[in-house]
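Every letter in the sequence shown is one number past the one before it in the numbering used here, and letter 7, counting from 1, is 4.
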Amino acid sequence: LIACTSASLFDIGQQIHEQLIAKYGGYIDELSLQISLLHFYGKMGKIKVCEQMFSAIKDAEYDKYCTQTLLWNAMLQSYASHHGYLQQSLQLFTQMKNGTNA
């Protein structure tokens, strides 16, 4: 997925994501894949997709969502890598720092 972060390879990255969804039965619960997907979509500027994935992780695996700082870092990097998302990045960082993951 990381190799697909150039604009010309975005479609291939999406195809990989679709194959992973099929393999995992609709929800990808593997932490390393979740992080890779957040990085992939973040680097491609697909912040809404990142937000949807992050929210899905919260809904499906709340303990992981609360304890895995790697997930939070991936989401923060997605926000931080694009101008215009400073407020969301700061809010997310504050939530992480304060432990208010609701």
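In this text, a Cβ means the ideal position worked out from N, Cα and C, and glycines have one as well.
Assigned secondary structure, residue i (DSSP; H/G/I helix, E/B strand, else coil)
i   : result
H79 : coil
Q65 : coil
L59 : Rather than Leu, the amino acid found at residue 59 in this sequence is Tyr. If DSSP states are grouped into helix, strand and coil, Y59 belongs with the helices.
Y38 : helix
D26 : coil
K43 : coil
G10 : helix
Distance CB(residue i)-CB(residue j) smaller than 9 Å
i   : j   : result
I54 : Q31 : yes
L28 : C47 : no
A71 : Y24 : no
Exposure label - residue i; buried when at least 16 CB within 10 Å
i   : result
K20 : exposed
K40 : buried
H14 : buried
S73 : The sequence given here places Leu at residue 73; Ser does not occur at that position. Label assigned to L73: buried.
L89 : buried
S5  : exposed
S52 : exposed
Y38 : buried
Inter-residue CB distance, residue i and residue j (contact presumed, cutoff 8 Å)
i    : j   : result
Q100 : Y76 : This structure cannot speak to residue 100, because the chain is shown only from -2 to 99.
W102 : M50 : Since the first residue shown for the chain is -2 and the last is 99, residue 102 is missing from the structure and cannot be characterised.
I44  : H79 : 6 Å
Any C-beta of chain B under 9 Å from that of residue i
i   : result
Q49 : You won't find chain B in this structure, because it holds only one protein chain.
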